[in-house]
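2 protein chains.
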Amino acid sequence: MRKRKGAGRPTIADVADKAGVSTITVSRALRDPSKVSDYLRRKINNAVNKLNYVPHSHASALASTRSNIVGVIVPSLTNNVFADTLRAIYDELEQGPFQVQLGNSRYVAADEERLIRTFLGQGPSAMIVAGKDQTDAARELLQNAGCPVVQVMDIGDDPIDMMVGFSHFEGGRAAGRHLVQMGYKRIGFLGARMDPRSHSRLEGFKDALQSGGLYDPDLIMTTTVSSSVSLGAELIEQLIARRSDLDAVFCNNDDMALGALFGCQKAGICVPDDMGIIGFNDLEMMAASHPSLTSIHTDRYAIGKRAVEMIKAELDGEATDQKIVDLGFELQQRESTSRNK
Amino acid sequence: MRKRKGAGRPTIADVADKAGVSTITVSRALRDPSKVSDYLRRKINNAVNKLNYVPHSHASALASTRSNIVGVIVPSLTNNVFADTLRAIYDELEQGPFQVQLGNSRYVAADEERLIRTFLGQGPSAMIVAGKDQTDAARELLQNAGCPVVQVMDIGDDPIDMMVGFSHFEGGRAAGRHLVQMGYKRIGFLGARMDPRSHSRLEGFKDALQSGGLYDPDLIMTTTVSSSVSLGAELIEQLIARRSDLDAVFCNNDDMALGALFGCQKAGICVPDDMGIIGFNDLEMMAASHPSLTSIHTDRYAIGKRAVEMIKAELDGEATDQKIVDLGFELQQRESTSRNK
DNA sequence: ATTTATAATGTTAGCGCTAACATAATGTTA
DNA sequence: TAACATTATGTTAGCGCTAACATTATAAAT
Numbered sequence: 017m018r019k020r021k022g023a024g025r026p027t028i029a030d031v032a033d034k035a036g037v038s039t040i041t042v043s044r045a046l047r048d049p050s051k052v053s054d055y056l057r058r059k060i061n062n063a064v065n066k067l068n069y070v071p072h073s074h075a076s077a078l079a080s081t082r083s084n085i086v087g088v089i090v091p092s093l094t095n096n097v098f099a100d101t102l103r104a105i106y107d108e109l110e111q112g113p114f115q116v117q118l119g120n121s122r123y124v125a126a127d128e129e130r131l132i133r134t135f136l137g138q139g140p141s142a143m144i145v146a147g148k149d150q151t152d153a154a155r156e157l158l159q160n161a162g163c164p165v166v167q168v169m170d171i172g173d174d175p176i177d178m179m180v181g182f183s184h185f186e187g188g189r190a191a192g193r194h195l196v197q198m199g200y201k202r203i204g205f206l207g208a209r210m211d212p213r214s215h216s217r218l219e220g221f222k223d224a225l226q227s228g229g230l231y232d233p234d235l236i237m238t239t240t241v242s243s244s245v246s247l248g249a250e251l252i253e254q255l256i257a258r259r260s261d262l263d264a265v266f267c268n269n270d271d272m273a274l275g276a277l278f279g280c281q282k283a284g285i286c287v288p289d290d291m292g293i294i295g296f297n298d299l300e301m302m303a304a305s306h307p308s309l310t311s312i313h314t315d316r317y318a319i320g321k322r323a324v325e326m327i328k329a330e331l332d333g334e335a336t337d338q339k340i341v342d343l344g345f346e347l348q349q350r351e352s353t354s355r356n357k
Numbered sequence: 017m018r019k020r021k022g023a024g025r026p027t028i029a030d031v032a033d034k035a036g037v038s039t040i041t042v043s044r045a046l047r048d049p050s051k052v053s054d055y056l057r058r059k060i061n062n063a064v065n066k067l068n069y070v071p072h073s074h075a076s077a078l079a080s081t082r083s084n085i086v087g088v089i090v091p092s093l094t095n096n097v098f099a100d101t102l103r104a105i106y107d108e109l110e111q112g113p114f115q116v117q118l119g120n121s122r123y124v125a126a127d128e129e130r131l132i133r134t135f136l137g138q139g140p141s142a143m144i145v146a147g148k149d150q151t152d153a154a155r156e157l158l159q160n161a162g163c164p165v166v167q168v169m170d171i172g173d174d175p176i177d178m179m180v181g182f183s184h185f186e187g188g189r190a191a192g193r194h195l196v197q198m199g200y201k202r203i204g205f206l207g208a209r210m211d212p213r214s215h216s217r218l219e220g221f222k223d224a225l226q227s228g229g230l231y232d233p234d235l236i237m238t239t240t241v242s243s244s245v246s247l248g249a250e251l252i253e254q255l256i257a258r259r260s261d262l263d264a265v266f267c268n269n270d271d272m273a274l275g276a277l278f279g280c281q282k283a284g285i286c287v288p289d290d291m292g293i294i295g296f297n298d299l300e301m302m303a304a305s306h307p308s309l310t311s312i313h314t315d316r317y318a319i320g321k322r323a324v325e326m327i328k329a330e331l332d333g334e335a336t337d338q339k340i341v342d343l344g345f346e347l348q349q350r351e352s353t354s355r356n357k
């Protein structure tokens, strides 16, 4: 006589037995309480607590073709920028029934597409992806996902479903404008990895310098190597060696800016008097450095928090006309660009 | 007539149909190929590719009471130390059938216990947890998990199942020894968060100073606030204000050490001549700073990589007598403790 | 030559939950 | 008062896969 061995823990049938109702009523009490009378709800909740019942997420996902997972794909696990957004996502989802499935695309669009396929195959409740430059196939998959999708950390007018972030182009332009405004004349750019968002920052930066008649393509240094503090130091040393007239740099992120500061210190170049430095994102360390570093402040935690709020609203069926939320950025001026001239 | 609507994608029954075998043979071909003849395996793989079949992870987990998930719980999402280990885990699992379920315990043992319960309720293939100071209940849950369990980032002689890391006590002691050896006399400690591993480092550090007759409890500054570069600057400023004779500090991590460096620079204190600074973990930025910062180097990527290798070996049934792997640490001496005296 | 063991493949039932449909009681509208 | 609608609860079947047992062919041992 065949007899399957279960997982050993209480099932919804046990709860139904104890509460004196059918299994589907227990299921409704837990998933859609308004469909069950007060009286039965109380009996069911008592039984749930008494039996220490926890719904079997795999069975539920199989039966409903939907799971309690929110798929989140980030391009880097070691980049502090995404860590803040991820922390917000975890903080916002923790009290609810959802769990995060985290994927690392390593800044490769094809890897992101593959992860999207894998995650969608598991019927997630929602998807969060970084940026707005997915492959066409990935975009189509997400459009047909049948669940809320949020693109974070960038902004545009053509969201797959919803989008929350800020304009990297405008951020780059604000950085360039600021350096021009502070009187710097031979202004460079240090960029690593050069993913789509870094490119946008560079384009915005160029735009600002071109408007001021100060754009010099020879002062643009980029590499596809991944970003680091050491790389920032290295790139500014190389640039200074070639162009000793350089008097300011916009670094495409804060690690690079910190490295640029270290590079100047080693070379005995005075920041901000002889070199202005501005970074992007405004990580915590920028205020602590000596001199403190100017940066384009972005609220990465707020982005993650808002993304989850939008998902929850869409899952709850709330009409939301605001599918695109621009949380903007702010120039955070500090000592590294505040020269007295 | 009741008719359930499936997820719409091909199922194992479709593959079996196309290959002319039964569903369990397809299942065996994918999960345990050695149990299926070469001839049938080829036919099955052809059918899988032709139909673009992807196994339904929830159905498999329900039927077998085991899922393809590796549960990983870290105490922080924004701490670079865990990010390196996490990146290794993702890199090692990516090519196989496993997926990571990431939980954030926020340095709270009770939260970790709750996450362990939740993850174990989903029948993971393995569990990776940080450190060795789980609650008794969590320890028991993991001991009875029925799957491989690895404790990472610490070392001890009483693993739940397996353990890979290094001794924080010995690392702290090495840091203390080094400062004594470099001739510093009034040596302090800056510690944030003060989780169990930070405590171990402090104990080791004390041990080294006590051996050299240089331990001064008045020079120990700790706080339960979470670690940051700014906090490092703040704490050293406070300590210097109280004890102007301070001539070296061991910071319980690199962010604090960098902050301490910035604090000294602001105060016009010369590093390393008037102040020695040593950190812990040896993050990438330590080499780039000016002066470069000494640190206790730990190979966090190797820890994650090894943990996954141990899991795979145990899942493959390979006898492993090495349940505890100590990957050690190394003193990475740089300018910040290399004074000429 | 016979018996036992092994390898490969198939069949049955069910893992735990819920979609879809069914039923009954109660409320609303004409 | 009758017809229709809504609410609350129950029943049936199955979502997709695999544990457990069954069968058959082949190999190995006696």
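Chain order of the listed sequences is A and B. Mapping of the first sequence onto our numbering: position 9 corresponds to residue 25, and the numbering continues sequentially without gaps. Mapping of the second sequence onto our numbering: position 130 corresponds to residue 146, and the numbering continues sequentially without gaps. Note that the Cβ used here is the ideal one computed from N, Cα and C, for glycine as well. If you're wondering where the values come from, they're calculated on a predicted model, not measured in any experiment.
Check whether the Cβ of residue i lies closer than 9 Å to any Cβ atom in chain B.
{"i": "Asp-289/A", "result": "no"}
{"i": "Thr-134/A", "result": "yes"}
{"i": "Arg-202/A", "result": "no"}
Looking at the C-beta of residue i, does it have a partner C-beta in chain A at a distance below 9 Å?
{"i": "Asn-297/B", "result": "no"}
{"i": "Met-169/B", "result": "no"}
{"i": "Met-17/B", "result": "Note that Met-17/B has pLDDT 46, beneath the 50 cutoff, so the model's placement of it is unreliable and the number below is only indicative. Cβ-Cβ to chain A under 9 Å: no for Met-17/B."}
{"i": "Val-116/B", "result": "yes"}
{"i": "Asn-356/B", "result": "no"}
State the CB to CB distance for the pair residue i and residue j, rounded to an integer number of angstroms; the pair is presumed to be in contact (CB under 8 Å).
{"i": "Gly-295/A", "j": "Asp-270/A", "result": "4 Å"}
{"i": "Tyr-200/B", "j": "Ala-99/B", "result": "Contact doesn't hold; Cβ gap of about 32 Å is too wide."}
{"i": "Gly-220/B", "j": "Gly-248/B", "result": "No, Gly-220/B and Gly-248/B are not in contact; Cβ-Cβ is about 20 Å, not under 8 Å."}
{"i": "Arg-133/A", "j": "His-184/A", "result": "27 Å between Cβ atoms; not a contact."}
{"i": "Met-272/B", "j": "Leu-225/B", "result": "Incorrect: roughly 18 Å between the Cβ atoms, too far for contact."}
{"i": "Asp-170/A", "j": "Gly-181/A", "result": "5 Å"}
{"i": "Ser-83/B", "j": "His-72/A", "result": "Actually they are not in contact, since the Cβ atoms of Ser-83/B and His-72/A sit about 11 Å apart, beyond 8 Å."}
{"i": "Tyr-123/A", "j": "Ser-92/A", "result": "7 Å"}
{"i": "Met-301/B", "j": "Leu-274/A", "result": "7 Å"}
In chain B, which residues lie less than 9 Å from residue i when you measure between Cβ atoms?
{"i": "Ser-244/A", "result": "Glu-300, Met-301 and Ala-304"}
{"i": "Asn-160/A", "result": "The premise fails here: Asn-160/A is roughly 11 Å from chain B at the closest Cβ pair, so nothing lies under 9 Å."}
Using the DSSP secondary-structure output, state which residues sit across from residue i in a beta bridge.
{"i": "Gly-284/B", "result": "Per DSSP, none; premise fails for Gly-284/B."}
{"i": "Ala-142/B", "result": "Val-86/B"}
{"i": "Val-116/B", "result": "Val-86/B"}
{"i": "Gly-295/A", "result": "Ser-311/A"}
{"i": "Val-165/A", "result": "Met-143/A"}
{"i": "Val-341/A", "result": "Val-180/A"}
{"i": "Gln-159/A", "result": "Answer by DSSP bridge pairing: none, since Gln-159/A is not bridged."}
{"i": "Leu-206/B", "result": "Met-237/B and Cys-267/B"}
{"i": "Phe-225/B", "result": "One point to set straight first is that residue 225/B is Leu, not Phe, in the sequence displayed. According to DSSP, Leu-225/B bridges with nothing at all."}
{"i": "Glu-346/B", "result": "His-313/B"}
Determine the chain A residues that contact residue i at a beta-carbon separation under 9 Å, and present them in chain order.
{"i": "Ala-126/B", "result": "The contacting residues do not exist; Ala-126/B stays about 13 Å from chain A at best."}
Just to make sure I have the definition right: I need the residues of chain B whose C-beta is within less than 8 Å of the C-beta of residue i. Which are they?
{"i": "Ala-208/A", "result": "Per Cβ cutoff of 8 Å: no residues; Ala-208/A is ~13 Å from chain B at best."}
{"i": "Ala-23/A", "result": "Thr-81 and Gly-139"}
**Request:** Using a Cβ-Cβ cut-off of less than 8 Å, list which residues of the segment 55-86 of chain A approach chain B; keep chain order.
**Result:** Contact residues of the segment 55-86 of chain A toward chain B are Val-70, His-72, Ser-73, His-74, Ala-75, Ala-77, Leu-78, Thr-81 and Ser-83 (C-beta to C-beta distance below 8 Å).
**Message:** What are the residues in the segment 269-290 of chain B lying within 9 Å of chain A by C-beta distance?
**Reply:** Of all residues in the segment 269-290 of chain B, Asp-271, Leu-274, Gly-275, Leu-277, Phe-278, Gly-279, Cys-280, Gln-281 and Lys-282 have a Cβ within less than 9 Å of some Cβ in chain A.
**Prompt:** Looking at chain B, which residues of the segment 297-319 of chain A have a Cβ within less than 8 Å of any of its Cβ atoms?
**Reply:** Shown in chain order are the members of the segment 297-319 of chain A whose Cβ falls below 8 Å from a Cβ of chain B: Glu-300, Met-301, Ala-303, Ala-304, Ser-305 and His-306.
**Request:** Anything in the segment 87-106 of chain B with a Cβ closer than 8 Å to a Cβ of chain A? List those residues in chain order, please.
**Result:** Of all residues in the segment 87-106 of chain B, the ones placed with a Cβ closer than 8 Å to any Cβ belonging to chain A are Leu-93, Thr-94, Asn-96, Ala-99, Asp-100, Leu-102, Arg-103 and Tyr-106, in chain order.
**Asked** Taking a cut of 8 Å between CB atoms, which residues from the segment 135-158 of chain B lie near chain A?
**Response** Going along the segment 135-158 of chain B in chain order, one finds Gly-137, Gln-138 and Gly-139 with a Cβ nearer than 8 Å to chain A.
**Request:** Please name the residues in the segment 221-255 of chain A whose beta-carbon is closer than 7 Å to at least one beta-carbon of chain B, in chain order.
**Result:** From the segment 221-255 of chain A, only Ser-244, Val-245, Ser-246 and Ala-249 have a Cβ closer than 7 Å to chain B.
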